[in-house]
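In our numbering, the protein residues as written are 883 to 1226.
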């Protein structure tokens, strides 16, 4: 059962309302660059997120020049709720870290970005905090090998019902469908949200989640979700279609509103009534890691702060274009300020 405290437990100054309540994995990203032949040599499926055990991840880390790597707070929904806060919103994050150094690193990162959470490091379980090996290549594609650690045990008991009730949107990370307990947590969060008339948003997270966990993803979608985030490949896999045009029509049956990111071609947004084409911002892509997370975060900030879907889409497109033109999934405060200034 989720926690039922009268007020959400928060890191930093408590607030009574959140724009976004996120549920997802708590991962520390280890971002590194590898050669294109690395994947063949080490039998890694390029361009996808693959769950691995600790032994396999350590094996890959030994094959990489770790001196060129950088460590940062990560996790798909974690990146999104941080983005919401960076733009000026308020978010809460339910996740699970271990009582180890990486766990402290992750929670400190949330605190630094003003994200509230019900995780307290001193009471976290023993074990290993999850980590994600992010392998980027010269073609700007990212390949993820993830060791979930204790995050694989995230369950309904780690939710905060009060925080959900005090939120505008509950944002569910698609990666959680790979874990039975994580799936239960997603379903429970959605149930609480619907009961309290809180909107639900879901991100498919990665083509591999839709491809290999189709039944579980269907369970989460259920009758419908209020807002769905996906890219064109995920949209086509989920709907069993061969084009975005076909996929968008089928998505209407499972999502009241949705966004489909189209890479260099911008994005397509359905606001519940009409389709809106979001033009791309032309940039030289260096690293696509976190682009979708930033798109979701900026978009959620926009629609919870009085912007139309078209305006939020433009903000999200600009923000994600800045992410792909640099290394790493996060933007700096001065970059956020400039983005907001450019759209005034």
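Ideal placement from N, C-alpha and C gives every residue a C-beta, glycine not left out.
Just so you know, these numbers come straight off a predicted model, no measurement behind them.
For residue 1080 and residue 1167, I'd like the C-alpha separation in whole angstroms. Locating residue 1080 in the chain shown gives position 198, where the first residue counts as 1. Locating residue 1167 in the chain shown gives position 285, where the first residue counts as 1. Approximately 36 Å between the Cα atoms of the pair.
Going by DSSP, name the residue or residues bridged to residue 1281. Because the chain spans 883 through 1226 in this model, residue 1281 falls outside it and cannot be assessed.
Counting along the chain, where does the beta strand (DSSP E) carrying residue 1105 start and finish? Here residue 1105 corresponds to residue number 223 of the chain shown, with the count starting at 1. Looking at the DSSP string, residue 1105 is not in any beta strand (DSSP E), and its letter there is neither H nor E.
Would you tell me roughly how many angstroms separate the C-alpha atoms of residue 1155 and residue 1139, rounded to the nearest one? Numbered from its first residue, the chain shown carries residue 1155 at position 273. Numbered from its first residue, the chain shown carries residue 1139 at position 257. One C-alpha to the other measures close to 9 Å.
Just list the beta strand (DSSP E) runs in the stretch 933 to 959, keeping only unbroken ones of 3 residues or longer that don't cross its boundaries, in chain order. Complete beta strand (DSSP E) runs here, min 3: 952 to 955.
In terms of residues, what are the limits of the alpha helix (DSSP H) holding residue 1183? On the chain shown, residue 1183 is found 301 positions in, with the first residue counted as 1. 1173 to 1185 is the span of the alpha helix (DSSP H), which, as asked, contains residue 1183.
With a threshold of 16 other CB atoms inside 10 Å of the CB of residue 1224, please say whether the residue is buried or exposed. Position 342 of the chain shown, counted from the first residue, corresponds to residue 1224. So residue 1224 ends up on the exposed side.
Which listed residue (1091, 1061, 974 and 987) has its alpha carbon closest to that of residue 1034: Here residue 1034 corresponds to residue number 152 of the chain shown, with the count starting at 1. Closest option to residue 1034, judged by alpha-carbon separation, among 1091, 1061, 974 and 987: 1061.
Return yes when the Cβ of residue 998 is within less than 9 Å of the Cβ of residue 900, no when it is not. As a first step, residue 900 is located in the chain shown; it is residue number 18 there, counting from the start. As a first step, residue 998 is located in the chain shown; it is residue number 116 there, counting from the start. Yes, these two residues count as a Cβ contact at 9 Å.
What do you get for residue 935, buried or exposed, if any count of 16 or more other CB atoms within 10 angstroms of its CB means buried? Looking up residue 935 in the chain shown gives position 53. Around the beta carbon of residue 935, fewer than 16 other beta carbons sit within 10 angstroms, so the residue counts as exposed.
Less than 9 Å between the C-beta atoms of residue 958 and residue 907, yes or no? Within the chain shown, numbered from 1, the residue matching residue 958 stands at position 76. Within the chain shown, numbered from 1, the residue matching residue 907 stands at position 25. Yes, they are a contact pair.
Exposed or buried, residue 1146, counting other C-beta atoms within 10 Å across all chains shown (16 or more means buried)? Here residue 1146 is taken as the residue at index 264 of the chain shown, counted from 1. Flag for residue 1146 reads exposed.
Residue 895 versus residue 971: straight-line alpha-carbon distance, rounded: As a position in the chain shown, residue 895 is number 13, starting the count at 1. As a position in the chain shown, residue 971 is number 89, starting the count at 1. Low local confidence applies: a pLDDT of 47 at residue 895 is under 50, so the model's placement there is unreliable, and no value is given.
Helix, strand or coil for residue 892? Go by DSSP, reduced to three states. Locating residue 892 in the chain shown gives position 10, counting from the first residue. Residue placement at residue 892 is poorly supported in this model, since its pLDDT is 45, which falls under 50; the coordinates are not used for a value here.
Which one of 965, 968 and 1014 has the shortest CA to CA distance from residue 938? Here residue 938 corresponds to residue number 56 of the chain shown, with the count starting at 1. Of the candidates 965, 968 and 1014, the one whose C-alpha sits nearest the C-alpha of residue 938 is 1014.
Which whole-angstrom value describes the C-beta separation of residue 1002 and residue 912, a residue pair presumed to lie in contact below a C-beta threshold of 8 Å? On the chain shown, position 120 is the one that residue 1002 refers to. On the chain shown, position 30 is the one that residue 912 refers to. Rounded to whole angstroms, the Cβ separation of residue 1002 and residue 912 is 25 Å, and the two are not in contact under 8 Å.
Report the residue ranges of all alpha helix (DSSP H) runs contained in full by the stretch 1033 to 1081; include only those spanning at least 4 residues, in chain order. The stretch 1033 to 1081 contains these whole alpha helix (DSSP H) runs: 1043 to 1047 and 1062 to 1077.
Alpha carbon to alpha carbon, how far is residue 1135 from residue 1101? As a working note, residue 1135 is residue 253 in the chain shown. As a working note, residue 1101 is residue 219 in the chain shown. Their Cα atoms are separated by approximately 14 Å.
Is the CB-CB distance between residue 1149 and residue 1199 below 9 Å? Taking the chain shown and counting its residues from 1, one reaches residue 1149 at position 267. Taking the chain shown and counting its residues from 1, one reaches residue 1199 at position 317. It is a contact, given that the beta carbons lie within the stated cut-off.
Reducing DSSP to helix, strand and coil, say where residue 1091 ends up. Within the chain shown, the letter at position 209 stands for residue 1091. If DSSP states are grouped into helix, strand and coil, residue 1091 belongs with the helices.
Residue 1133 versus residue 941: straight-line alpha-carbon distance, rounded: Along the chain shown, read from residue 1 onward, the residue named residue 1133 stands at position 251. Along the chain shown, read from residue 1 onward, the residue named residue 941 stands at position 59. Note on geometry: alpha-carbon atoms of residue 1133 and residue 941 lie some 40 Å from one another.
For residue 1111, collect the residues of the same chain with a Cβ closer than 6 Å to its Cβ; drop the 5 residues on either side in sequence, then sort them by chain order. For the purposes of this step, residue 1111 is identified with residue 229 of the chain shown, where counting begins at 1. So the list reads 1085, 1141 and 1178, once near-sequence residues are dropped.
Rounded distance between the beta-carbons of residue 965 and residue 1175, thought under 8 Å: Taking the first residue of the chain shown as position 1, residue 1175 is located at position 293. Taking the first residue of the chain shown as position 1, residue 965 is located at position 83. Residue 1175 to residue 965, Cβ: 7 Å. Contact.
Beta-carbon separation of residue 969 and residue 903 under 9 Å? Position 87 of the chain shown, counted from the first residue, corresponds to residue 969. Position 21 of the chain shown, counted from the first residue, corresponds to residue 903. Not closer than 9 Å, so no.
According to the Cβ coordinates, are residue 916 and residue 1018 closer than 9 Å? Numbered from its first residue, the chain shown carries residue 916 at position 34. Numbered from its first residue, the chain shown carries residue 1018 at position 136. Contact: yes.
Between residue 1144 and residue 1093, what straight-line distance do the alpha-carbon atoms span, to the nearest angstrom? Start at 1 with the first residue of the chain shown, and residue 1144 comes out as number 262. Start at 1 with the first residue of the chain shown, and residue 1093 comes out as number 211. Whole-angstrom Cα-Cα distance: 19 Å.
How should residue 1124 be labelled, buried or exposed, when 16 other C-beta atoms within 10 angstroms of its C-beta is the threshold for buried? By 1-based counting over the chain shown, the position of residue 1124 is 242. With a 10 Å radius around the Cβ and a threshold of 16 neighbouring Cβ atoms, residue 1124 comes out exposed.
Looking at residue 1206: is its Cβ nearer than 9 Å to the Cβ of residue 1071? Taking the first residue of the chain shown as 1, we reach residue 1206 at position 324. Taking the first residue of the chain shown as 1, we reach residue 1071 at position 189. By the CB criterion at 9 Å, residue 1206 and residue 1071 fall outside the cutoff.
Out of 1173, 898, 1216 and 1193, point me to the one whose CA is closest to residue 961's CA. Locating residue 961 in the chain shown gives position 79, where the first residue counts as 1. By alpha-carbon distance to residue 961, the top candidate from 1173, 898, 1216 and 1193 is 1173.
Would you mind listing the alpha helix (DSSP H) stretches within the stretch 1101 to 1168 that are 4+ residues and don't spill past its ends, in chain order? As far as the stretch 1101 to 1168 is concerned, its whole alpha helix (DSSP H) runs of at least 4 residues are 1114 to 1121 and 1126 to 1133.
Under the three-state reduction of DSSP, which class applies to residue 921: helix, strand or coil? As a first step, residue 921 must be located in the chain shown, where it is residue number 39. Taken through DSSP and simplified to helix, strand or coil, residue 921 comes out as helix.
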